[in-house]
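Student:
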DNA sequence: ATTTCATCCCTTTTT
DNA sequence: GGGATGAAAT
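In our numbering, the protein residues as written are 7 to 689.
#1: One question on the structure: do residue 327 and residue 315 come within less than 9 Å of each other, judged by their Cβ atoms?
#2: Just the Cα atoms here: how many angstroms apart are residue 622 and residue 324?
#3: Go ahead and label residue 581 buried or exposed: buried means 16 or more other beta carbons lie within 10 angstroms of its beta carbon, across all protein chains shown.
#4: From residue 442 to residue 111, what distance separates their C-alpha atoms?
#5: To the nearest angstrom, how far is the alpha carbon of residue 600 from that of residue 289?
#6: Please determine if the region 353–368 and the region 548–564 are in contact, where contact requires at least 3 C-beta pairs separated by less than 8 Å.
#7: Give every residue of the same chain whose Cβ lies closer than 7 Å to the Cβ of residue 123, excluding the five residues on either side of it in the sequence, and list them in chain order.
#8: Alpha carbons only, please: which of 270, 262, 374 and 255 is nearest the one belonging to residue 286?
#9: Taking all protein chains shown into account, decide if residue 83 is buried (16 or more other Cβ within 10 angstroms of its Cβ) or exposed.
#10: In the DSSP assignment, the alpha helix (DSSP H) including residue 87 goes from what residue to what residue?
#11: At what residue ranges does the region 387–413 contain a whole run of the beta strand (DSSP E), taking only runs of 3 or more?
#12: Could you pull out every unbroken alpha helix (DSSP H) segment of at least 4 residues lying fully inside the region 441–518, listed in chain order?
#13: Does the region 291–305 come close enough to the region 51–61 to have 3 or more Cβ pairs within less than 8 Å?
#14: Whose CA, out of 509, 668, 193 and 563, lies closest to the CA of residue 598?
#15: Is the distance from the Cβ of residue 154 to the Cβ of residue 167 below 9 Å?
#16: Which residues in the same chain as residue 637 place their Cβ atom closer than 8 Å to its Cβ, once the five residues preceding and following it in sequence are excluded?
#17: In three-state terms, what does DSSP make of residue 330?
#18: Under three-state DSSP, which class holds residue 136?
#19: Can you say whether residue 639 is buried or exposed, counting buried as having 16 or more other CB atoms within 10 angstroms of its CB?
#20: For the candidate residues 615, 149, 197 and 12, whose alpha-carbon lies nearest to that of residue 102?
#21: Give the DSSP bridge partners of residue 94, in chain order.
#22: Could you tell me which whole beta strand (DSSP E) segments of length 3 or greater appear in the region 255–310?
#23: Check the DSSP bridge columns for residue 670 and list the partner residues they point to.
#24: Since I believe residue 616 is in contact with residue 305 (beta carbons under 8 Å), could you give me their beta-carbon distance rounded to a whole number of angstroms?
#25: Residue 116 by DSSP, collapsed to three states: which one?
#26: Counting C-beta neighbours from all protein chains within 10 Å, is the total for residue 635 16 or more, i.e. buried, or is it exposed?
#27: Give the C-beta separation of residue 63 and residue 223 to the nearest angstrom, bearing in mind that I take them to be a contact with Cβ-Cβ under 8 Å.
#28: Going along the chain, which residues of its own chain have a beta-carbon closer than 8 Å to the beta-carbon of residue 85, five neighbours each way excluded?
#29: Give the straight-line distance between the Cα atoms of residue 468 and residue 399, rounded to the nearest whole angstrom.
#30: If we ignore side chains and look at the alpha-carbon of each, how far apart do residue 25 and residue 117 end up?
#31: How many angstroms separate the CA atom of residue 188 from the CA atom of residue 115?
#32: Can you give me the C-alpha to C-alpha distance between residue 18 and residue 253, rounded to a whole angstrom?
#33: Output the distance between the C-alpha atoms of residue 313 and residue 228, rounded to the nearest integer angstrom.
#34: What three-state label does DSSP hand residue 216 in the structure shown?
#35: Give me, in chain order, the residues of the same chain whose beta-carbon lies closer than 7 Å to that of residue 156; leave out the 5 immediate sequence neighbours on both sides.
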């Protein structure tokens, strides 16, 4: 590898790449070329330090980040991406469990359950164990249990759980869930990290094995690690110097998932001699955007001092688009995008970022009505779609007749003549005998089961489980089950296409894999899920602020920046407010050229009202924003007729600054109105 | 008596 | 997307 690329890096980036002699923490601000540093570092380790690709472990949080990292390292090094050990935390844990779990007493047949399946199981258990709980209460309990698991707490840690506010009934419920998991050999997302950690903690020999294997460990988005994940990194890094963590405390937005920025300080304590490198030059955004974002995050107390700067001095000002309601906001945004489409098509596509998914609804309707094309970027993965999960359940049950989770799912989603009543009976029987549900079905109600050709086929398959030909198997079973027909009758074209795509995926996998093991496929689907990216051209992308992390867009509209949504009204504590502010910071720093902050309410977010007014311009209408290419003229307001929500109609005498107007309300006299606090409607 | 289907509700952020 | 309903279909 030539080292020309080193010339293209700034001194800090270069140091982060080249540093090798002690643990390294890279504090990488938004848009500071973090991914570049990580990928170049791994390339450097392999090419210059002669490390084997398989001995460098790269850990990320999302599959997308992992995929991108692999692709870029392959480009840099010319080495097949599959040889690099780049994982999400969950995929890494899964791998360790598969590799080394069996000697530690895990059955070879265990499988992973996702969030939905966990919920279904818990809901069912709660009906017997904690009746009378509302769904919200069950969800809350589930969250608390997951949070406990993130801290490595399991039902036998009764005291510690009770110290965390668990009642003894709740601990009992937790235990029941855990017993169920053991019985059915199903592990949830948190187990994927927690169980390997316990394994490594309890077995020095196993730990040494992994320490020998991974010579160097690189962790991305380190500020989002939870206690289990931190422990995993600490263990896998051993006592060696070969560890680099990259993160930004200003972008820590996952405390509700158990993450804590205290691991930034813990890291320096646990890895003595840690070198800290700060990346503060921003290569993404213009100065006005960065000034705005720096001020936003500057209000936070709990942070390491850091200030991003840029060489790109020139740029349009950050614009505040005021509206009075969600609907009003959606229409104004739609208008704005349409105006841009005519006058400044180079600004498209725009990204609209919001706090919660349900905010997209108003936007979707306005866009559809206003002929603005859009695509919603959801966390929802291809394999999370109902029809795809149903189809996978068919395959799972065909391959493993003891897969009770799959059986339950099919009973719910296919008309098999089995309803809740029969299922309850089967469950009871099955618990007594220890036999799988499918087998019990044929024993207890044979005449009912054998009347369905689909079930009959499953019985045959149970006697002789197939070890190959999975794609064909899936195809024939889907036909036999009548699932396709049901979808066709309901004219669910999209879902039918998804089934086609799934079959194609399985066929592809089967043809390309040297040794296609069905367990590998199922594992990949549960933690490796890919998003199929259609690159159709649209005017706008809609996504949550959380989902926007790590992405960048020419034009960003932050929607619903008001006291209901940002800070989100359910989050009241100081630490929570600071996290909400970080979320706003993340959203703002996604923008390259244009940043529009839209209020979607007549109430101004405290995050905005605490900001100096020179940082943004104020606009009531899309036209005002669309007017100038690079700057927005301060509105000439004199003489304008306006209406104030309290004082009524008035006439603007003069503008004082970007926000404040002197208004003559005739009978009530002249008043200075700060339009960033109380917006005025033009009459 | 049971199952199936339609309809209304809600949903903080996600691996 | 899925839970909770209640009505229609088996």
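Positions of the beta carbon are idealized from the N, C-alpha and C atoms, including for glycine.
Tutor: With the given structure in hand:
#1: Here residue 327 refers to the residue found at position 321 when the first chain is read from its first residue. Here residue 315 refers to the residue found at position 309 when the first chain is read from its first residue. Not closer than 9 Å, so no.
#2: Taking the first chain and counting its residues from 1, the one referred to as residue 622 is at position 616. Taking the first chain and counting its residues from 1, the one referred to as residue 324 is at position 318. Cα-Cα distance, rounded: 5 Å.
#3: Position 575 of the first chain, counting from 1, holds the residue named residue 581. Of the other Cβ atoms in all chains shown, fewer than 16 fall within 10 Å of the Cβ of residue 581; this residue is therefore exposed.
#4: Sequence index remark: in the first chain, residue 442 carries index 436 (1-based). Sequence index remark: in the first chain, residue 111 carries index 105 (1-based). Residue 442 and residue 111 have their C-alpha atoms spaced approximately 21 Å apart.
#5: By one-based count along the first chain, residue 600 stands at place 594. By one-based count along the first chain, residue 289 stands at place 283. When rounded, the distance between both Cα atoms is 15 Å.
#6: With the cut-off at 8 Å, the region 353–368 and the region 548–564 touch.
#7: Indexing the first chain from 1 puts residue 123 at position 117. Correct list, in chain order: 411.
#8: Mapped onto the first chain, residue 286 falls at position 280. Closest by alpha carbon: 255.
#9: The residue given as residue 83 occupies position 77 in the first chain. Sixteen is the threshold: when 16 or more other Cβ atoms of the shown chains lie within 10 Å of the Cβ of residue 83, as they do, the residue is buried.
#10: What you label residue 87 is simply residue 81 of the first chain in a count that begins at 1. Careful: residue 87 lies outside any alpha helix (DSSP H) and carries neither H nor E.
#11: Fully enclosed beta strand (DSSP E) runs of 3 or longer: not present.
#12: As far as the region 441–518 is concerned, its whole alpha helix (DSSP H) runs of at least 4 residues are 443–450, 452–456, 459–469, 476–487, 489–495 and 499–518.
#13: Cβ pair count under 8 Å is below three, so no.
#14: One-based indexing of the first chain puts residue 598 at position 592. The residue with the shortest Cα to Cα distance from residue 598 is 563.
#15: Taking the first residue of the first chain as 1, we reach residue 154 at position 148. Taking the first residue of the first chain as 1, we reach residue 167 at position 161. The Cβ-Cβ distance between residue 154 and residue 167 falls below 9 Å.
#16: As a working mapping, residue 637 is identified with position 631 in the first chain. Legend: pLDDT at residue 637 = 46, less than 50; position of this residue unreliable, value from coordinates given subsequently. Result list for residue 637: 322 and 323, in chain order.
#17: Position 324 of the first chain, counted from the start, is the residue given in the question as residue 330. In this structure, residue 330 counts as coil in the three-state DSSP scheme.
#18: Counted from its first residue, the first chain places residue 136 at position 130. Correct three-state label for residue 136: coil.
#19: Locating residue 639 in the first chain gives position 633, counting from the first residue. In this prediction, residue 639 scores a pLDDT of 42, lower than 50, which makes its location untrustworthy; the coordinate-derived value is nonetheless stated afterwards. Residue environment for residue 639: exposed (fewer than 16 other C-beta atoms within 10 angstroms of its C-beta).
#20: Sequence index remark: in the first chain, residue 102 carries index 96 (1-based). For residue 102, the nearest C-alpha among the options comes from 197.
#21: Against the first chain, residue 94 aligns to sequence position 88. Note: residue 94 is bridge-paired with 66 in the DSSP secondary-structure output.
#22: If one requires a minimum length of 3 residues, the beta strand (DSSP E) runs lying completely within the region 255–310 are 281–285, in chain order.
#23: Stepping through the first chain from its first residue, residue 670 is reached at position 664. Looking at the DSSP output, residue 670 bridges to 657 and 676.
#24: As a first step, residue 305 must be located in the first chain, where it is residue number 299. As a first step, residue 616 must be located in the first chain, where it is residue number 610. With a Cβ gap of about 6 Å, residue 305 and residue 616 count as contacting.
#25: Taking the first chain and counting its residues from 1, one reaches residue 116 at position 110. Looking at residue 116 - three-state DSSP - the assignment turns out to be coil, as it is neither helix nor strand.
#26: Counting from 1 along the first chain, the entry for residue 635 is found at position 629. Because the pLDDT of residue 635 is 46, which lies under 50, any placement of that residue in the model is unreliable, and the question is left without a value.
#27: The residue given as residue 63 occupies position 57 in the first chain. The residue given as residue 223 occupies position 217 in the first chain. Contact flag correct, Cβ pair sits at about 5 Å.
#28: What you label residue 85 is simply residue 79 of the first chain in a count that begins at 1. Spatial neighbours of residue 85 in its own chain (CB-CB distance under 8 Å, excluding positions within 5 residues in sequence) are listed in chain order as 52, 59 and 79.
#29: Start at 1 with the first residue of the first chain, and residue 468 comes out as number 462. Start at 1 with the first residue of the first chain, and residue 399 comes out as number 393. Rounded to whole angstroms, the separation of the alpha carbons of residue 399 and residue 468 is 14 Å.
#30: Residue numbering aside, residue 25 sits at position 19 when the first chain is read from its first letter. Residue numbering aside, residue 117 sits at position 111 when the first chain is read from its first letter. Here the alpha carbons of residue 117 and residue 25 stand approximately 40 Å from one another.
#31: For the purposes of this step, residue 188 is taken as the residue at position 182 of the first chain. For the purposes of this step, residue 115 is taken as the residue at position 109 of the first chain. Whole-angstrom Cα-Cα distance: 12 Å.
#32: By one-based count along the first chain, residue 18 stands at place 12. By one-based count along the first chain, residue 253 stands at place 247. So the two alpha carbons sit approximately 15 Å from each other.
#33: If you number the first chain from 1, residue 313 lands on position 307. If you number the first chain from 1, residue 228 lands on position 222. Approximately 19 Å, taken between the alpha carbons.
#34: Position 210 of the first chain holds residue 216. DSSP places residue 216 within a helical segment (H, G or I) once states are collapsed to three.
#35: Numbered from 1 along the first chain, position 150 holds the residue referred to as residue 156. Within its own chain, the residues whose Cβ lies closer than 7 Å to the Cβ of residue 156, once the five positions on either side in sequence are excluded, are 196, 232, 233, 234 and 264, listed in chain order.
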